[in-house]
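>
There are 2 protein chains.
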Amino acid sequence: MALPSINHAVDDAFIGALGDIVGDRVSRADSVREHHGRDQSYHAAMPPDAVVFAESTEEISDIVSLCAKHRVPVIPFGTGTSLEGHVAALRGGVCIDVTHMDQVVTVNQADMDVRVQPGVTRKQLNTYLRDTGLFFPIDPGADASIGGMTATRASGTNAVRYGTMRENVLSMTVVLADGRIVRTSSRSRKSAAGYDLTRLFVGSEGTLGVITEITLRLHGIPEAISSAVCSFDTMEGAVNTVIETIQCGVPIARIELLDEVQMDAINKYSNLDYPLAPTLFFEFHGSENGVQEQTETVHELAVSNGGGDFQWATREEDRSRLWQARHDAYYACLALRPGAGGMVTDVCVPISRLAESILETQKDIQETGILAPIVGHVGDGNFHLCMVIDPDDADEVRRATELNERLVLRALAMEGTCTGEHGIGYGKTGFLTAEHGDAVSVMRAVKDALDPHGIMNPGKILPGN
Amino acid sequence: MALPSINHAVDDAFIGALGDIVGDRVSRADSVREHHGRDQSYHAAMPPDAVVFAESTEEISDIVSLCAKHRVPVIPFGTGTSLEGHVAALRGGVCIDVTHMDQVVTVNQADMDVRVQPGVTRKQLNTYLRDTGLFFPIDPGADASIGGMTATRASGTNAVRYGTMRENVLSMTVVLADGRIVRTSSRSRKSAAGYDLTRLFVGSEGTLGVITEITLRLHGIPEAISSAVCSFDTMEGAVNTVIETIQCGVPIARIELLDEVQMDAINKYSNLDYPLAPTLFFEFHGSENGVQEQTETVHELAVSNGGGDFQWATREEDRSRLWQARHDAYYACLALRPGAGGMVTDVCVPISRLAESILETQKDIQETGILAPIVGHVGDGNFHLCMVIDPDDADEVRRATELNERLVLRALAMEGTCTGEHGIGYGKTGFLTAEHGDAVSVMRAVKDALDPHGIMNPGKILPGN
Numbered sequence: 000m001a002l003p004s005i006n007h008a009v010d011d012a013f014i015g016a017l018g019d020i021v022g023d024r025v026s027r028a029d030s031v032r033e034h035h036g037r038d039q040s041y042h043a044a045m046p047p048d049a050v051v052f053a054e055s056t057e058e059i060s061d062i063v064s065l066c067a068k069h070r071v072p073v074i075p076f077g078t079g080t081s082l083e084g085h086v087a088a089l090r091g092g093v094c095i096d097v098t099h100m101d102q103v104v105t106v107n108q109a110d111m112d113v114r115v116q117p118g119v120t121r122k123q124l125n126t127y128l129r130d131t132g133l134f135f136p137i138d139p140g141a142d143a144s145i146g147g148m149t150a151t152r153a154s155g156t157n158a159v160r161y162g163t164m165r166e167n168v169l170s171m172t173v174v175l176a177d178g179r180i181v182r183t184s185s186r187s188r189k190s191a192a193g194y195d196l197t198r199l200f201v202g203s204e205g206t207l208g209v210i211t212e213i214t215l216r217l218h219g220i221p222e223a224i225s226s227a228v229c230s231f232d233t234m235e236g237a238v239n240t241v242i243e244t245i246q247c248g249v250p251i252a253r254i255e256l257l258d259e260v261q262m263d264a265i266n267k268y269s270n271l272d273y274p275l276a277p278t279l280f281f282e283f284h285g286s287e288n289g290v291q292e293q294t295e296t297v298h299e300l301a302v303s304n305g306g307g308d309f310q311w312a313t314r315e316e317d318r319s320r321l322w323q324a325r326h327d328a329y330y331a332c333l334a335l336r337p338g339a340g341g342m343v344t345d346v347c348v349p350i351s352r353l354a355e356s357i358l359e360t361q362k363d364i365q366e367t368g369i370l371a372p373i374v375g376h377v378g379d380g381n382f383h384l385c386m387v388i389d390p391d392d393a394d395e396v397r398r399a400t401e402l403n404e405r406l407v408l409r410a411l412a413m414e415g416t417c418t419g420e421h422g423i424g425y426g427k428t429g430f431l432t433a434e435h436g437d438a439v440s441v442m443r444a445v446k447d448a449l450d451p452h453g454i455m456n457p458g459k460i461l462p463g464n
Numbered sequence: 000m001a002l003p004s005i006n007h008a009v010d011d012a013f014i015g016a017l018g019d020i021v022g023d024r025v026s027r028a029d030s031v032r033e034h035h036g037r038d039q040s041y042h043a044a045m046p047p048d049a050v051v052f053a054e055s056t057e058e059i060s061d062i063v064s065l066c067a068k069h070r071v072p073v074i075p076f077g078t079g080t081s082l083e084g085h086v087a088a089l090r091g092g093v094c095i096d097v098t099h100m101d102q103v104v105t106v107n108q109a110d111m112d113v114r115v116q117p118g119v120t121r122k123q124l125n126t127y128l129r130d131t132g133l134f135f136p137i138d139p140g141a142d143a144s145i146g147g148m149t150a151t152r153a154s155g156t157n158a159v160r161y162g163t164m165r166e167n168v169l170s171m172t173v174v175l176a177d178g179r180i181v182r183t184s185s186r187s188r189k190s191a192a193g194y195d196l197t198r199l200f201v202g203s204e205g206t207l208g209v210i211t212e213i214t215l216r217l218h219g220i221p222e223a224i225s226s227a228v229c230s231f232d233t234m235e236g237a238v239n240t241v242i243e244t245i246q247c248g249v250p251i252a253r254i255e256l257l258d259e260v261q262m263d264a265i266n267k268y269s270n271l272d273y274p275l276a277p278t279l280f281f282e283f284h285g286s287e288n289g290v291q292e293q294t295e296t297v298h299e300l301a302v303s304n305g306g307g308d309f310q311w312a313t314r315e316e317d318r319s320r321l322w323q324a325r326h327d328a329y330y331a332c333l334a335l336r337p338g339a340g341g342m343v344t345d346v347c348v349p350i351s352r353l354a355e356s357i358l359e360t361q362k363d364i365q366e367t368g369i370l371a372p373i374v375g376h377v378g379d380g381n382f383h384l385c386m387v388i389d390p391d392d393a394d395e396v397r398r399a400t401e402l403n404e405r406l407v408l409r410a411l412a413m414e415g416t417c418t419g420e421h422g423i424g425y426g427k428t429g430f431l432t433a434e435h436g437d438a439v440s441v442m443r444a445v446k447d448a449l450d451p452h453g454i455m456n457p458g459k460i461l462p463g464n
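The listed protein sequences derive, respectively, from chains X and U.
The first sequence maps to residues 0 to 464 in numbering that gives the first Met the number 0.
The second sequence maps to residues 0 to 464 in numbering that gives the first Met the number 0.
(1) Within 8 angstroms of any Cβ in chain U, is that where the Cβ of tyrosine 194 of chain X sits?
(2) When Cβ atoms are compared, which residues of the stretch 369-386 of chain U fall closer than 7 angstroms to chain X?
(3) I'd like the ranges of any beta strand (DSSP E) spanning at least 3 consecutive residues and lying wholly in the stretch 180-266 of chain X.
(4) Counting along the chain, where does the beta strand (DSSP E) carrying aspartate 138 of chain U start and finish?
(5) With distance defined between alpha-carbon atoms, name the residue in X/Phe280, X/Ile224, X/Gly205 nearest to leucine 314 of chain X.
(6) What residue ranges within the stretch 29-87 of chain X form continuous alpha helix (DSSP H) runs of no fewer than 4 residues, ordered along the chain?
(7) Quick one, which residues of the stretch 417-438 of chain U are near chain X if we go by CB-CB under 8 angstroms, in chain order?
(8) In the DSSP assignment, what residue or residues form a beta bridge with histidine 383 of chain X?
(9) Going by DSSP, what residues sit across from aspartate 96 of chain X in a beta bridge?
(10) Rounded to whole angstroms, what's the CA-CA distance from cysteine 465 of chain X to glutamate 366 of chain X? Just pull it up for me.
(11) According to DSSP, what are the bridge partners of threonine 278 of chain X?
(12) Could you please tell me which residues of the stretch 137-154 of chain U, in chain order, have their CB closer than 7 angstroms to any CB of chain X?
(13) Quick check: the stretch 100-117 of chain X against the stretch 31-45 of chain X, are at least 3 beta-carbon pairs closer than 8 angstroms?
(14) Please give the ranges of any beta strand (DSSP E) in the stretch 305-369 of chain X, keeping only runs that are unbroken, at least 3 residues long and fully inside the region.
(15) For the stretch 216-247 of chain X, list every residue whose C-beta sits within 8 angstroms of some C-beta in chain U, in sequence order.
(16) Along chain U, which residues have their Cβ under 7 angstroms away from the Cβ of threonine 183 of chain X?
(17) If the criterion is Cβ atoms closer than 8 angstroms, does the pair alanine 301 of chain U and threonine 240 of chain U meet it?
(18) The beta strand (DSSP E) with methionine 171 of chain X in it runs from where to where?
(19) Can you list the residues of chain U that aspartate 447 of chain X reaches, using a CB-CB cut of under 8 angstroms?
(20) Less than 8 angstroms between the C-beta atoms of isoleucine 454 of chain X and valine 71 of chain X, yes or no?
(21) In terms of residue numbering, what span does the alpha helix (DSSP H) encompassing aspartate 447 of chain U cover?
(22) Taking the C-alpha atoms as reference points, what is the distance between tyrosine 41 of chain U and valine 343 of chain U?
(23) What is the rounded straight-line gap between the Cα of isoleucine 357 of chain U and the Cα of aspartate 345 of chain U?
(24) At the level of alpha carbons, what is the spacing between histidine 7 of chain X and glycine 92 of chain X?
(25) Who are the Cβ neighbours of aspartate 138 of chain U in its own chain at under 7 angstroms, not counting the five residues just before and after it?
(26) Would you mind working out which of X/Ser4, X/Glu212, X/Ile213, X/Glu83 sits nearest glycine 341 of chain X, comparing C-alpha positions?
(27) Chain U partners of alanine 444 of chain X, CB-CB under 7 angstroms?
(28) With the cut-off set at 8 angstroms, would you say threonine 183 of chain X and threonine 197 of chain X are in Cβ contact?
(29) Counting only C-beta atoms, is isoleucine 74 of chain X closer than 8 angstroms to chain U at any point?
(30) Let me know the secondary structure DSSP gives isoleucine 460 of chain U once reduced to three states.
(31) Looking at proline 250 of chain X and glutamine 293 of chain X, is the spacing between their C-beta atoms short of 8 angstroms?
(32) Check whether the stretch 53-60 of chain U and the stretch 429-438 of chain U are in contact - that is, three or more C-beta pairs closer than 8 angstroms.
(33) Excluding the 5 residues flanking isoleucine 254 of chain X on each side, which residues of the same chain have their C-beta closer than 7 angstroms to its C-beta?
(34) Pull up the DSSP beta-bridge partners for methionine 455 of chain U, would you.
(35) Taking all protein chains shown into account, do 16 or more other C-beta atoms lie within 10 angstroms of the C-beta of lysine 459 of chain U, making it buried, or fewer, making it exposed?
(36) Taking threonine 151 of chain X as the reference, give the member of X/Leu89, X/Gly178, X/Ile180, X/Thr78 with the closest Cα.
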């Protein structure tokens, strides 16, 4: 049975007009539509009515103009690796796939920046940069597209040192909801010239415009890199090591927490034999001496908090293996219970509340009886729950949903946020007002001003949109 | 002769209604109005019709509600140290002076953040923090209020390492144009929960709302701090040392460039005897070893670029004297020509274009015959011109105005910005479209959505507003 079209404006004439813009790079095939209505989350997928594979900013401008004229929703699509239903075509419409726009446009080595098309992925970019001595540090785990990472304000394991997309996007080209093309700012490192449109579009999840080009800050590849793993007697000990490391001003590049359940999962999945205990994965960047100094400081802090020996990974292949295991945490969780599905969620709290937040969550997990390993970018106060459930078991789904809700409300009560990095999509719109109160009306006013007909990725970020 | 009232809505009845809110903390005295219509710039002052000294967010909400009802402009006022006419009451109205709101509300030592009222100044804050081991690094020179620094997206000498207000404001309380009170975000280090309202209000110059409380990131006071001064044979040598320092990833805390004219000025003003040559002022923060390593690297770079010996300032009083001289650069410029006035301007360019930009500017200065020392936060590509002119000499004013225009247009042609840190105020509205093109319409749409009656600091940022 063919997938139904849900937006009646997307008829044969409309598809013909799309074809006039992109030639044969428009598809209504079920498999293509299915693929583009789904991200990596547990949220219900919703296929768009059509998918276009755009090849330039100008094409996207023409596509959006056409959609605007016919009030047809527009949903930008990169690698589909988002986690809160960001790409589901809730009101049908046209999905603009940017994966053909995969060129690195300009590397400004002296300025340590790079201009890329939105379909370039982070791994592709770093491969391209390999001989420049520079790298792009933001690493959300998935090999996401830079466009998608910008749109969702991605961060990940390196954010504690290098910041998130908020700090690393210098400028963007955006196609607005009426098809106009604008550039959000110049390429200079700082500016006080008017409203910060760059930061307004970073994290706007396709609801204000389509990002068609991005200028990113790059960073010098450090002279020395060293990774280590350390197990702790208690969760408090591990978290306190994190807090003290940050407070001591150690410029640590990565500091990741995994609880004992998560360690069990990655041991099994990645064929490792770490102790089943709360564990920190560290990475240190700097000069040889700097790395030495950082590791000594952190090692002392770990020992005083009940940490065991550091297991080192200094050779590149060992480090890669270590971080691959960390990045495979999600798949490792799923493998704990073959046939089950994952409900992934994240919150972020001020670091002083991190231990309390995690310990109460662990208690909650135990009471709920849900299999839910904890893993987190804890240097920022950000942690994730991967709830491994049977999606066909209504009671289990209900318990997991409640666990998520309690996690979020606890984070908000601790002056935290309902999502540190996954974004709102349509999975967390219900929490937006709980977090922001009347400030949601400011977001709504901005949305209505820039997208008066509500065609840009409708149903995302703002509730009822 | 009493100053005329320029906004007819501000009549006795309106003042009476203001008095109902703030008691006797409302003034129509000429001296008070004069003081509040003027910043430290050369732009024409314009006194507001009345000044209120607010003491709480709730009071400001009531004041703005009253102003909204009567369509009376609202101009927030901190220390009046802005540089592009930000506080001039171009359409009359009510100036809200926040200097009575000078309390540090909460220091969260473990989270390294602090919540302050907008009238707290940066020096006051750092004095308050003295015993915590933490400090607030942003240092625009003037002892500005945190509210004003937030509103103008201030940065200054430490920005190359610690970022600007953009990176250091975690959250704000804002009174909107209709009097509603909102909080822009939670206190967590990162969030992906909706539009980045914090960054939208940072740098909005009072045109979107009144900032009534600010939560700031703090940083640990480094174990070791060391400052040095180094003279260069040529401007290129000095600038190339800056560029290479940044490219080598040296986490330098301050790297300031002063040209020979500026050095002459500060030698005379601050009773120093540095060589009259292009000069860099450095500051290094870190561990003892880290600072040692940084200074060795930078020293090598300086020598290879024609730099002389480093003159060290490691004792706190010597460092203070050095940076005080740097901060007095503006007054030193003015003292070069007693009775003259200063036209201060700044631009920011990608660092690869910095040498070219400064050298062409120097040529321009010479051709124009204007006395105009150059000083800059060059690690970010940001530099200033202090044009010392006779404000009553129409020809000199014209030549200075043209010099400024060429400086800005050259920066824009080099993918830079018309202002790195001073902001637009009403002095640079004419350059906004030259820099942002059609993106100005996006700023306009945001402005109209959040301030439909145009009462918030009218005439600032957006041309013709």
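From the three backbone atoms N, C-alpha and C, an ideal C-beta is built for every residue, glycine too.
Here the structure is a predicted model, which means the values were calculated and not measured.
This is what the structure gives:
(1) Within the first sequence, the letter at position 195 stands for residue 194 of chain X. Chain U contact via Cβ: present.
(2) Only Asp379, Gly380, Asn381 from the stretch 369-386 of chain U bring a Cβ to less than 7 angstroms from some Cβ of chain X.
(3) Listed in chain order, they are 180-182, 208-216, 223-230, 253-257.
(4) One-based indexing of the second sequence puts residue 138 of chain U at position 139. Judged by DSSP secondary structure, aspartate 138 of chain U falls outside any beta strand (DSSP E); it is assigned neither H nor E.
(5) Position 315 of the first sequence, counted from the first residue, corresponds to residue 314 of chain X. The sequence given here places arginine at residue 314 of chain X; leucine does not occur at that position. Residue X/Ile224 is the option with its Cα nearest to arginine 314 of chain X.
(6) Note on the stretch 29-87 of chain X: whole alpha helix (DSSP H) runs with a minimum of 4 residues are 29-35, 56-68, in chain order.
(7) Within the stretch 417-438 of chain U, contact with chain X at the beta-carbon level (separation under 8 angstroms) is assigned to Cys417, Thr418, Gly419, Glu420, His421, Gly422, Ile423, Lys427, Phe430, Leu431, Glu434, His435, Gly436, Asp437, Ala438.
(8) Indexing the first sequence from 1 puts residue 383 of chain X at position 384. Paired residues: X/Asp345, X/Val374.
(9) Your numbering for residue 96 of chain X matches position 97 in the first sequence. Paired residues: X/Phe52, X/Phe76.
(10) Nothing about residue 465 of chain X can be reported from this structure: the residues present for chain X run from 0 to 464 only.
(11) Along the first sequence, one-based indexing puts residue 278 of chain X at 279. The partner list for threonine 278 of chain X (beta bridge, DSSP) reads X/Ser230, X/Leu257.
(12) Within the stretch 137-154 of chain U, the qualifying residues are Thr151, Arg152, Ser154.
(13) These segments do not touch.
(14) Listed in chain order, the complete beta strand (DSSP E) runs (minimum 3 residues) inside the stretch 305-369 of chain X are 310-312, 340-347.
(15) For chain U, the residues of the stretch 216-247 of chain X that bring a beta carbon within less than 8 angstroms of one of its beta carbons are His218, Gly219, Pro221, Ile242, Ile245, Gln246, Cys247, in chain order.
(16) Your numbering for residue 183 of chain X matches position 184 in the first sequence. Within 7 angstroms Cβ-Cβ: Ala438.
(17) Looking up residue 301 of chain U in the second sequence gives position 302. Looking up residue 240 of chain U in the second sequence gives position 241. Yes, the pair counts as a contact, with Cβ atoms nearer than the cut-off.
(18) As a first step, residue 171 of chain X must be located in the first sequence, where it is residue number 172. 168-175 is the extent of the beta strand (DSSP E) around methionine 171 of chain X.
(19) Taking the first residue of the first sequence as position 1, residue 447 of chain X is located at position 448. Neighbours of aspartate 447 of chain X in chain U, taken as residues whose beta carbon is under 8 angstroms from its own, are Ala448 in chain order.
(20) One-based indexing of the first sequence puts residue 454 of chain X at position 455. One-based indexing of the first sequence puts residue 71 of chain X at position 72. Against a cut-off of 8 angstroms, the Cβ pair of valine 71 of chain X and isoleucine 454 of chain X comes out as a contact.
(21) The count along the second sequence starts at 1 and reaches residue 447 of chain U at position 448. Looking at the DSSP string, the run of the alpha helix (DSSP H) that includes aspartate 447 of chain U is 438-449.
(22) Position 42 of the second sequence, counting from 1, holds the residue named residue 41 of chain U. Position 344 of the second sequence, counting from 1, holds the residue named residue 343 of chain U. Taking the straight line from one Cα to the other gives about 8 angstroms.
(23) One-based indexing of the second sequence puts residue 357 of chain U at position 358. One-based indexing of the second sequence puts residue 345 of chain U at position 346. Those two C-alpha atoms are separated by around 12 angstroms.
(24) By one-based count along the first sequence, residue 7 of chain X stands at place 8. By one-based count along the first sequence, residue 92 of chain X stands at place 93. A straight line joining the alpha-carbon of histidine 7 of chain X with that of glycine 92 of chain X spans about 9 angstroms.
(25) Locating residue 138 of chain U in the second sequence gives position 139, where the first residue counts as 1. Correct list, in chain order: Arg121, Gly155, Thr156, Asn157.
(26) For the purposes of this step, residue 341 of chain X is taken as residue 342 along the first sequence, with counting starting at 1. Of X/Ser4, X/Glu212, X/Ile213, X/Glu83, the residue nearest in Cα terms is X/Glu83.
(27) If you number the first sequence from 1, residue 444 of chain X lands on position 445. Per Cβ cutoff of 7 angstroms: Ala448, Leu449.
(28) Stepping through the first sequence from its first residue, residue 183 of chain X is reached at position 184. Stepping through the first sequence from its first residue, residue 197 of chain X is reached at position 198. Yes, Cβ-Cβ distance for threonine 183 of chain X and threonine 197 of chain X is below 8 angstroms.
(29) Residue 74 of chain X sits at position 75 when you count from the first residue of the first sequence. Interface residue (Cβ-Cβ distance to chain U less than 8 angstroms): isoleucine 74 of chain X is not classified as such.
(30) Within the second sequence, residue 460 of chain U is the residue found at index 461, counting from 1. Looking at isoleucine 460 of chain U - three-state DSSP - the assignment turns out to be coil, as it is neither helix nor strand.
(31) Within the first sequence, residue 293 of chain X is the residue found at index 294, counting from 1. Within the first sequence, residue 250 of chain X is the residue found at index 251, counting from 1. In terms of Cβ geometry, glutamine 293 of chain X and proline 250 of chain X form a close pair [threshold 8 angstroms].
(32) With contact defined as three or more Cβ pairs closer than 8 angstroms, the stretch 53-60 of chain U and the stretch 429-438 of chain U are not in contact.
(33) Along the first sequence, read from residue 1 onward, the residue named residue 254 of chain X stands at position 255. For isoleucine 254 of chain X, same chain residues with a beta-carbon under 7 angstroms away, outside a window of 5 residues either side, are Val159, Val241, Thr244, Leu279, Phe281, Val377, Gly378 in chain order.
(34) Locating residue 455 of chain U in the second sequence gives position 456, counting from the first residue. By DSSP's assignment, methionine 455 of chain U forms a beta bridge with U/Val73.
(35) Reading the second sequence from its first residue, position 460 is the one you call residue 459 of chain U. Buried is the call here.
(36) For this step, residue 151 of chain X is matched to residue 152 along the first sequence. Minimum Cα-Cα distance from threonine 151 of chain X among the listed residues X/Leu89, X/Gly178, X/Ile180, X/Thr78 corresponds to X/Thr78.
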